[in-house]
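**Q** Can you keep this structure in mind? I'll have questions shortly.
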Amino acid sequence: MYDYIIVGGGSAGSVMAHRLSARSTNQILLCEAGQDTPDGKVPSEILDSYPGTAYFDPRFHWTELKVHTEIVSHNRPEERPALRKYEQARVLGGGSSINGQLANRGAPTDYDEWEAKGAQGWNWNAVLPFFKKVERDMDFDGPWHGKDG
16 MYDYIIVGGG
26 SAGSVMAHRL
36 SARSTNQILL
46 CEAGQDTPDG
56 KVPSEILDSY
66 PGTAYFDPRF
76 HWTELKVHTE
86 IVSHNRPEER
96 PALRKYEQAR
106 VLGGGSSING
116 QLANRGAPTD
126 YDEWEAKGAQ
136 GWNWNAVLPF
146 FKKVERDMDF
156 DGPWHGKDG
């Protein structure tokens with residue numbers, strides 16, 4: 016019996032599982048459709064510093080996934096754009112594992128604007144501690160970077 020079942024071991028799902036596991040009584044199941052990558056056995060393609068190595072490897076994404084991505088003209092709303100191939104990760108770590116393992120923050124003004132438009136608690140000063148919590152920056156120190164994540 017699980018208290019929480021998380022479908023998708025990408026950046027968000029993995030962090031959510033970690034945060035929920037902070038309470039030792041929680042029973043958590045994290046499901047990922049991709050291959051198992053236990054500690055010490057992460058495929059070399061994912062560890063490669065060139066992100067294209069994993070991105071173009073069909074083992075790490077849904078090869079047949081297609082979506083409608085074009086904007087439809089307002090004058091012809093019934094028109095359906097053609098399906099296009101859509102690269103979506105299928106590996107522990109999600110898109111971060113196939114896109115160079117990078118995490119980007121938005122600009123502080125973006126978050127302040129979110130709060131101004133009604134997303135209470137999402138201003139820059141409120142979200143910065145969470146960015147720092149997941150960051151293990153070995154190059155920079157100071158109030159903008161985390162070192163223990």
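Take the sequence shown: its letter number 29 is residue 44 in our numbering, and every next letter is one higher. Glycine is no exception: its CB is placed at the ideal position from the N, C-alpha and C atoms. Note that the coordinates shown come from a computational prediction; the quantities given were computed from them, not determined experimentally.
1) Keeping to the same chain, check which residues put their C-beta closer than 6 Å to that of Ile61; ignore five residues upstream and five downstream.
2) Judging by CA-CA distance, which residue of Arg151, Pro158, Trp77 and Asn140 is the nearest neighbour of Leu117?
3) Taking Cβ positions, are Gly108 and Gly25 nearer each other than 8 Å?
4) What's the gap between the Cα of Ala97 and the Cα of Ala104?
5) Measure the alpha-carbon distance for Ala134 versus Glu47 and round it to whole angstroms.
6) By the three-class DSSP mapping on this structure, what secondary structure does Val142 have?
7) Please list, in chain order, all residues of the same chain as His83 whose beta carbon is under 7 Å from its beta carbon, the five residues on each side excluded.
**A** Based on what the coordinates show:
1) Excluding five sequence positions before and after Ile61, the CB atoms of its chain that fall closer than 6 Å to its own CB belong to Ala69 and Ser112, given in chain order.
2) With respect to the C-alpha of Leu117, the residue from Arg151, Pro158, Trp77 and Asn140 having the closest C-alpha is Arg151.
3) Yes, the pair counts as a contact, with Cβ atoms nearer than the cut-off.
4) Rounded to the nearest angstrom, the gap between the Cα atoms of Ala97 and Ala104 is 22 Å.
5) Separation of Ala134 and Glu47 (C-alpha to C-alpha, rounded to the nearest whole angstrom) is 30 Å.
6) Three-state result, Val142: helix.
7) Around His83: Arg95, Pro96 and Leu98.
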